[in-house]
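The working numbering puts the sequence shown at residues 119 to 371. The block underneath contains the structure these notes are about, expressed in structure tokens.
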Amino acid sequence: MSDNQPNSKAYHYLPTMSRRDSLKWLSVLAASAVLPGVVACTPNSTSITSSVVGHWPDLKLTPISSVGYGKDPNLIIPPRSAWPRTLNAEQLTLVAMLSDILVPRDGDIPSASEVNVPDVIDEWVSAPYERQQNDRPNILNTLAWIDDEAALRFGQKFVALKTEQQFAIMDDIAYQTEQTPSEFSRIAGAFSVFRQLVLAAFFCSPQGTKEIGYLGNVPIAGDYPGPSDEALAHLDEILNKLGLSDYVYTEQS
């Protein structure tokens, strides 16, 4: 394993995505149906279960004061630069390592960090828009909690831990269920925001959309054939279950 690979103590994530591309990706991600848990029903800092059990960093974050592009941006004289990014080098490296645990390289399929997901996460928590700012404290506190937990358990920051030590922490916070211990309830809820964002960012990348087989709009030569008999039968079955069959339009012969 080279020094520039995750799980190496010398590993440091180096952002390589241009600001233009990361902002473009942010726009795609914000409008994407791939992100129902983060965009359509974004949990904010008050909706995640709070518990007095266990530690919580509760960072005092400076509110984002930058102005977004607005609904009618100036296309003739664009702004010199977008808002400043939030994450420092250590945080970006931690995001990269966590992202690659969630989406590791699988054969020819790249890992999350290989398609620059950390750059997009940084853009997300830095953007001065409501839905992104709702996620900002959750994600930044999640990163701080993970490093704090690594220090409490193993005396080092998360990126310096052995793989089995990292997975021991991840196993405790990966999902929030009825069996989740109370000391991990709050972080499990916050981590779910991070996890959904990483997955959505990956599957919005060109490599990710290829992996899920998304083709987009495909031109059809000739007349539109309409739905298949199988699709129509499935629709009829659903309408019958809902008691709506009497209201279905039928073409008169």
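The beta carbon of each residue, even a glycine, is placed where N, CA and C say it ideally should be.
Top-ranked residue by Cα proximity to residue i, from the options
i, options, result
"I257", "T204, D224, A268 and S231", "T204"
"L216", "R313, G273 and K280", "R313"
"F285", "Q250, F272 and Q297", "F272"
"Q325", "H352, I227, Y129 and V146", "I227"
"A245", "E208, S145 and H352", "S145"
"A308", "W263, A319, E232 and H352", "W263"
"Q294", "S310, K280 and A319", "S310"
"A319", "P236, I356, G344 and H130", "P236"
"R214", "G344, K280 and Y129", "Residue 214 is actually Ala in this sequence, not Arg. If we check each option's Cα against that of A214, Y129 comes out closest."
"E232", "S323, D253, T180 and L315", "S323"
Residue i vs residue j beta-carbon contact at 8 angstroms
i, j, result
"V376", "W174", "The displayed coordinates of the chain run from 119 to 371. Any statement about residue 376 would go beyond what the structure contains."
"L212", "L317", "no"
"A306", "I291", "yes"
"A230", "R137", "no"
"R249", "A148", "yes"
"N234", "M135", "yes"
"F276", "D265", "yes"
"F321", "G172", "no"
Per DSSP, cross-strand counterpart(s) of residue i
i, result
"D224", "I227"
Separation of residue j from residue i, as counted between CA atoms
i, j, result
"L261", "K178", "14 angstroms"
"L360", "A268", "51 angstroms"
"L132", "E241", "15 angstroms"
"D354", "T368", "12 angstroms"
"V156", "L210", "The pLDDT assigned to V156 is 44, lower than 50, so where the model puts this residue is not dependable; a value taken from the coordinates is nonetheless given after this. Approximately 20 angstroms, taken between the alpha carbons."
"D176", "A349", "50 angstroms"
"G225", "Q251", "36 angstroms"
"P299", "I182", "34 angstroms"
"N358", "S140", "46 angstroms"
"P255", "P222", "26 angstroms"
"Q283", "Y247", "36 angstroms"
"E208", "R304", "23 angstroms"
"L362", "Y342", "26 angstroms"
"K328", "P337", "18 angstroms"
"L270", "Q297", "23 angstroms"
"D253", "D364", "45 angstroms"
"V366", "D347", "16 angstroms"
"T281", "Q274", "13 angstroms"
"H352", "T180", "52 angstroms"
Would you list, in sequence order, the uninterrupted beta strand (DSSP E) runs of no fewer than 3 residues that lie entirely inside the region 232–284? Listed in chain order, there is nothing to give.
Quick one: complete beta strand (DSSP E) runs, 3+ long, within the region 284–315? none
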